[in-house]
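Each remark here refers to the structure printed beneath this line.
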Amino acid sequence: MTRLTWRDGVATVLAAVILASYAAYPPGPAATRVLGAAVLLAGIGMCVVGAAPAMARPAGAAVYLAGALGLVTLVAAVMTVAAASRAALALQVGATLTLWLFTTVRHAATRSGGGPVEPPRSEVLLELHKDALPPRVDAR
392 MTRLTWRDGV ATVLAAVILA SYAAYPPGPA ATRVLGAAVL LAGIGMCVVG AAPAMARPAG
452 AAVYLAGALG LVTLVAAVMT VAAASRAALA LQVGATLTLW LFTTVRHAAT RSGGGPVEPP
512 RSEVLLELHK DALPPRVDAR
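If you're matching positions, the sequence shown starts at 392 in the numbering used here and goes up one per residue.
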């Protein structure tokens, strides 16, 4: 059975805060701009907290899909803050929550089974050049 980590839990709490804030915000240009900036900051926080460790970066089409969703979110955030556009805010919130859902489902599906991850580049380089390296000497 798959298991999500505390990182996914923190990202889920931030997603719930985004959804609740969007549902409760009063319409108006100032509120739209403030909420757009807050959603952008919360989304960045979700990415930072929920990202895979540097040693286990995902590979494949999922990276491109997540990147495209992130780009849509960023463009919508800029439009929201610059023009106080409620439509851009709706797109920003929708794209942010879609990105959260996509990554959470992907984490649940790939973490316990090993999933499609690339080995760290340092390990690949060491394996490729192991014959060219001098033998290890214990410093003790």
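The beta-carbon is built from N, C-alpha and C at its ideal position, and this holds for glycine as well.
Note that the structure is predicted; figures quoted are calculated from it, not measured.
How would you call residue 392, buried or exposed, if buried means at least 16 neighbouring beta carbons within 10 angstroms?
Confidence at residue 392 is low in this model, with a pLDDT of 42, below 50, so the placement of that residue should be treated as unreliable; the coordinate-derived value is given next. Exposed, since its Cβ has fewer than 16 Cβ neighbours within 10 Å.
Alpha carbon to alpha carbon, what distance is there between residue 428 and residue 397?
25 Å
Under 8 Å, do residue 457 and residue 488 count as touching if we go by C-beta distance?
no
Would you report the Cα separation of residue 480 and residue 500, rounded to the nearest angstrom?
30 Å
So the alpha helix (DSSP H) residue 456 belongs to, where does it begin and stop?
452-474
Whole-angstrom distance between residue 474 and residue 420, CA atom to CA atom:
Their backbone Cα atoms lie some 8 Å apart in a straight line.
Could you tell me how far apart the beta carbons of residue 402 and residue 431 are, in whole angstroms, since I believe they sit closer than 8 Å?
Between residue 431 and residue 402 the Cβ distance is about 15 Å, and since that is not below 8 Å, they are no contact.
Residue 394 to residue 497, Cα distance in whole Å?
11 Å
Collapsed DSSP secondary structure at residue 403 in the structure displayed
helix
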